[in-house]
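Notes for the one structure printed next.
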Amino acid sequence: AERNGGADLMPTPEIHAKLSASASHSWLNCPQYIKVQELFPESTSSYAEAGRLAHAIAEYKARSYFLEPVGKRGYNARLKKFAAEPDYDPAMEEATELYLETLKEQAMTFSAPPFVALEARVDYSEYAPDGFGTADCIMIGGGRIVICDYKNGAGVPVEAERNSQMMLYALAALKKYSRKYKIKRVSMSIFQPRRENVSTWTITATELRKWAKTVL
């Protein structure tokens, strides 16, 4: 099973690739994007910190269900510790619960229990120099791989169709797991529980690799 320090309350500090997947729409369409970004120091915000905490809660709930079951007492104790964090918002409880329920529904679309990886490091440097990222959840089974992304914000809905961030993660996941699994179809799902938005797009692995060669 993929792991990211299950005993930690918060994920390790984020390290971003210059050609990050989240900014791929910008650097794919603007060759000068990286040079412009270097003019501005990297900063954080209360929104970013809240997002990291929400991701940590979402990961813990998914890990407890799919990979490392814990007793009710231990589970509730951990959630109380999350709730004591300064960036905690009660809305995170419902949002992460909806995320977990959606992951359960995704798992049920497989004919047998799928392989599940959480907070999986994915490397797409074959296509973008030093490119890497972290996929929130990956499920594999029956010739299909599902890449899941949890977005905590309540802003505009984000669609999975031709979403370059998701396509980069999917490419990297194909490279990482295709030696062990025969993958023909790729599904990319974006979950925005605070917007009640779930967007999923499925293409063939061949189509995804064609995009990598002709566009990326």
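Counting along the sequence shown from 1, when you hit position 96 you're at 100 in this note's numbering, and nothing is skipped either side. Think of the CB as a built atom: it goes at the ideal place given N, C-alpha and C, for glycine as much as any other residue.
message: Between Val74, Glu63 and Thr100, which has its C-alpha nearest Glu200's C-alpha?
response: Here residue 200 refers to the residue found at position 196 when the sequence shown is read from its first residue. Ranked by Cα distance from Glu200, the first of Val74, Glu63 and Thr100 is Thr100.
message: Restricting to Cα atoms, I'd like to know which of Met112, Ala54 and Leu102 is closest to Lys91.
response: Position 87 of the sequence shown, counting from 1, holds the residue named residue 91. Correcting the residue identity first, residue 91 is Asp in this sequence and not Lys. Per the Cα distances, Ala54.
- request: Determine the burial state of Met112: buried for a count of at least 16 other Cβ atoms within 10 Å of its Cβ, exposed for fewer.
  value: Counted from its first residue, the sequence shown places residue 112 at position 108. The residue is exposed, with fewer than 16 neighbouring Cβ atoms inside 10 Å.
- request: Return the residue from the list Thr210, Trp205, Gly146 and Lys85 that minimises the CA-CA distance to Ser115.
  value: By one-based count along the sequence shown, residue 115 stands at place 111. Comparing Cα-Cα distances from Ser115 to each of Thr210, Trp205, Gly146 and Lys85, the minimum goes to Gly146.
query: Under three-state DSSP, which class holds Leu220?
result: For this step, residue 220 is matched to residue 216 along the sequence shown. The answer is coil: DSSP assigns Leu220 none of H, G, I, E or B.
- request: Starting from the Cα of Pro133, find the closest Cα among Arg77, Leu172, Glu98 and Ser193 and give me that residue.
  value: Taking the sequence shown and counting its residues from 1, one reaches residue 133 at position 129. Pro133 has its Cα closest to that of Leu172, out of Arg77, Leu172, Glu98 and Ser193.
message: I'd like to check one pair, Ala174 with Met192: are the Cβ atoms closer than 7 Å?
response: If you number the sequence shown from 1, residue 192 lands on position 188. If you number the sequence shown from 1, residue 174 lands on position 170. Annotated as proximal: Met192 and Ala174, with beta-carbon spacing under 7 Å.
- prompt: Going straight from the alpha carbon of Tyr79 to that of Gly135, what length do you get?
  reply: Counting from one through the sequence shown, the residue named residue 79 turns up at place 75. Counting from one through the sequence shown, the residue named residue 135 turns up at place 131. Tyr79 and Gly135 have their alpha carbons spaced roughly 35 Å apart.
task: State yes or no: is the C-beta of Ile144 within less than 7 Å of the C-beta of Tyr185?
output: Here residue 144 is taken as the residue at index 140 of the sequence shown, counted from 1. Here residue 185 is taken as the residue at index 181 of the sequence shown, counted from 1. Yes, these two residues count as a Cβ contact at 7 Å.
task: Tell me the start and end of each unbroken beta strand (DSSP E) in the segment 91-144 that is at least 3 residues and wholly inside, in chain order.
output: Runs of the beta strand (DSSP E) inside the segment 91-144: 119-127.
message: Looking at Trp215: is its Cβ nearer than 7 Å to the Cβ of Ala164?
response: One-based indexing of the sequence shown puts residue 215 at position 211. One-based indexing of the sequence shown puts residue 164 at position 160. Their beta carbons are not under 7 Å apart, which means Trp215 does not touch Ala164 by this criterion.
- prompt: What do you reckon, are the CB atoms on Leu178 and Ala209 nearer than 7 Å?
  reply: By one-based count along the sequence shown, residue 178 stands at place 174. By one-based count along the sequence shown, residue 209 stands at place 205. By the CB criterion at 7 Å, Leu178 and Ala209 fall inside the cutoff.
- request: Would you kindly report the start and end of the unbroken beta strand (DSSP E) that includes Ser191?
  value: On the sequence shown, position 187 is the one that residue 191 refers to. Here the beta strand (DSSP E) through Ser191 covers Arg189 to Gln196.
message: Taking the alpha helix (DSSP H) that Tyr181 belongs to, which residues open and close that run?
response: Here residue 181 refers to the residue found at position 177 of the sequence shown. Run containing Tyr181: Ser168 to Tyr181, per the alpha helix (DSSP H) assignment.
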